[in-house]
Amino acid sequence: MASSASSTADGVAVVGSGLIGRSWAMLFASGGFRVKLYDIEQQQVTGALDTIRKEMKLLEQSGALKGSLGAEEQLALISGCSDLREAVEGTVHIQVNPPYHVPLVELVPHPETAPATMDRTYALMRQIGQSPVRILKEVDGFALNRLQYALIGEAWRLVEAGIVSPGDLDLVMSDGLGLRYAFIGPLETMHLNAEGMLSYCDRYREGMKRVLKTFGPIPEFSGAVAEKVHQVCRPAARAEGGFHP
Numbered sequence: 002m003a004s005s006a007s008s009t010a011d012g013v014a015v016v017g018s019g020l021i022g023r024s025w026a027m028l029f030a031s032g033g034f035r036v037k038l039y040d041i042e043q044q045q046v047t048g049a050l051d052t053i054r055k056e057m058k059l060l061e062q063s064g065a066l067k068g069s070l071g072a073e074e075q076l077a078l079i080s081g082c083s084d085l086r087e088a089v090e091g092t093v094h095i096q097v098n099p100p101y102h103v104p105l106v107e108l109v110p111h112p113e114t115a116p117a118t119m120d121r122t123y124a125l126m127r128q129i130g131q132s133p134v135r136i137l138k139e140v141d142g143f144a145l146n147r148l149q150y151a152l153i154g155e156a157w158r159l160v161e162a163g164i165v166s167p168g169d170l171d172l173v174m175s176d177g178l179g180l181r182y183a184f185i186g187p188l189e190t191m192h193l194n195a196e197g198m199l200s201y202c203d204r205y206r207e208g209m210k211r212v213l214k215t216f217g218p219i220p221e222f223s224g225a226v227a228e229k230v231h232q233v234c235r236p237a238a239r240a241e242g243g244f245h246p
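When the letters of the sequence shown are read in order and numbered with this note's numbering, they come out as residues 2 to 246.
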């Protein structure tokens, strides 16, 4: 993913000009890197650059623009092209995703990836304000999605069983667990909820195991429950300015 993080004079090639690619371009520019944004059609590149300009201006107006450079200074660092060779020429870093507002980056090496490459990539992500984590062994879904899918699965089962409504289920996260986990993760929460992790496990392991044994099978994520959730979420999304049909 990267071969150096020593200088913001280095160039970065972002492959793909969609939402994720634009986010990376903005993020690297906020750190002072020269960015070449590539896509297969020049029209897509031009549209992406226009969108980036609008987004950066809005971010600057709202005080949410990252980095020490102004919007115009950051925009001057981003150029676009539809030739991949041109995009990567002279660049030190090549990156593909993820977005501007979510700092987590999961770093997943190939078995033959040199440790030094991982170290440089980790340093690069820290340099531009991201929060990299090292996935030590490849697994389907990596870490974030596995945690997310476990939560979604139980949320679905609770709604399907009529234990809680879709709206109240979302409140459990937005006004409960979500607030807690926005500051500290589940393992640190366990540690702080007792006299250390060992104390927590001694106190609560049997209760946790009892509840976990009641978890049902993997949901189908379809049918009547999907329609029920859709009908609840659709007006909520519209009320919040969403675009879901």
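Ideal placement from N, C-alpha and C gives every residue a C-beta, glycine not left out.
Whole-angstrom distance between residue j and residue i, CA atom to CA atom
i	j	result
L70	P112	38 Å
G243	P236	Low confidence applies here, because G243 scores a pLDDT of 47, under 50, leaving its location unreliable; read the following figure in that light. Roughly 9 Å separates the two Cα atoms.
P104	Q232	32 Å
P116	L125	14 Å
L188	L199	11 Å
C202	E196	10 Å
D141	R135	15 Å
S166	L159	8 Å
S24	D169	32 Å
Y182	K229	28 Å
D120	D84	30 Å
Pick from the options that is closest to residue i, judged by C-alpha positions
i	options	result
R206	I219, G217, P218 and H192	H192
G154	A227, A183, V103 and G186	A227
W157	F184, A117, P220 and P133	P220
E161	S132, S223, L178 and A144	S223
L50	Q62, L170, K58 and G81	G81
L60	K229, Y101, A77 and A225	Y101
A88	A72, L108, V106 and I41	I41
L20	D84, A30 and G48	G48
C234	K58, E139, L172 and P218	L172
With 16 other Cβ atoms within 10 Å as the buried cut-off, status of residue i
i	result
L180	exposed
Q75	buried
T122	buried
R204	exposed
G163	exposed
V15	buried
A151	exposed
V46	buried
S18	buried
I53	buried
DSSP three-state assignment for residue i, whether helix, strand or coil
i	result
P220	coil
I79	strand
A26	helix
G177	helix
S247	Nothing in the structure corresponds to residue 247, since the chain is present only between 2 and 246.
K229	helix
G12	strand
E87	helix
Cβ-Cβ separation, residue j to residue i (assumed contact under 8 Å), whole Å
i	j	result
G12	K37	6 Å
K67	L28	7 Å
G130	G32	7 Å
E1	F143	Any property of residue 1 remains undetermined from this structure, which presents the chain solely from 2 to 246.
R127	L78	R127 to L78, Cβ: 19 Å. No contact.
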